[in-house]
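Residue numbers (mature numbering (1 follows the signal peptide of the UniProt record, and there is no 0)): -30 to -1, 1 to 93.
Taking it in order: structure first as structure tokens, then the write-up.
Structural data, given as structure tokens:
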């Protein structure tokens, strides 16, 4: 189980860093380290949020981000709302563990079907 714990800790650390970099300024509990970094919390577990960590391709722009995930290679998936008016604007960006833009993972979703099999309008 130690590997699972380490993987979870790595996921939480990376996800928190990415979320903090994409979200509003850090809370009042944060203390500055460098101009592009913020240390969050003062307890046993501290997290380093690196501003502008994810280097997005100039062709795309950030939208409302609502989720992040890591794959087994440490690549970061940033999931956001996308843009309906831009059909070639994806809803998932993939970044290398160092923050470099790798690829797009999907196009904008028009809807997501329910997992429990409940009927959708018009069924």
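All C-beta atoms in this analysis are idealised placements derived from N, C-alpha and C, irrespective of residue type, glycine included.
Just tell me which of 55, 44, 61, 58 has its CA closest to the CA of residue 70.
44
Would residue 66 and residue 46 be called neighbours here (beta carbons separated by less than 9 Å)?
yes
Sort 41, 51, 17, 18 by Cα distance to residue 32 and report the nearest one.
51
For the candidate residues 41, 54, -21, -20, whose alpha-carbon lies nearest to that of residue 34?
54
Between residue 10 and residue 18, what straight-line distance do the alpha-carbon atoms span, to the nearest angstrom?
6 Å
Assign residue 54 to one of three DSSP states: helix, strand, or coil.
coil
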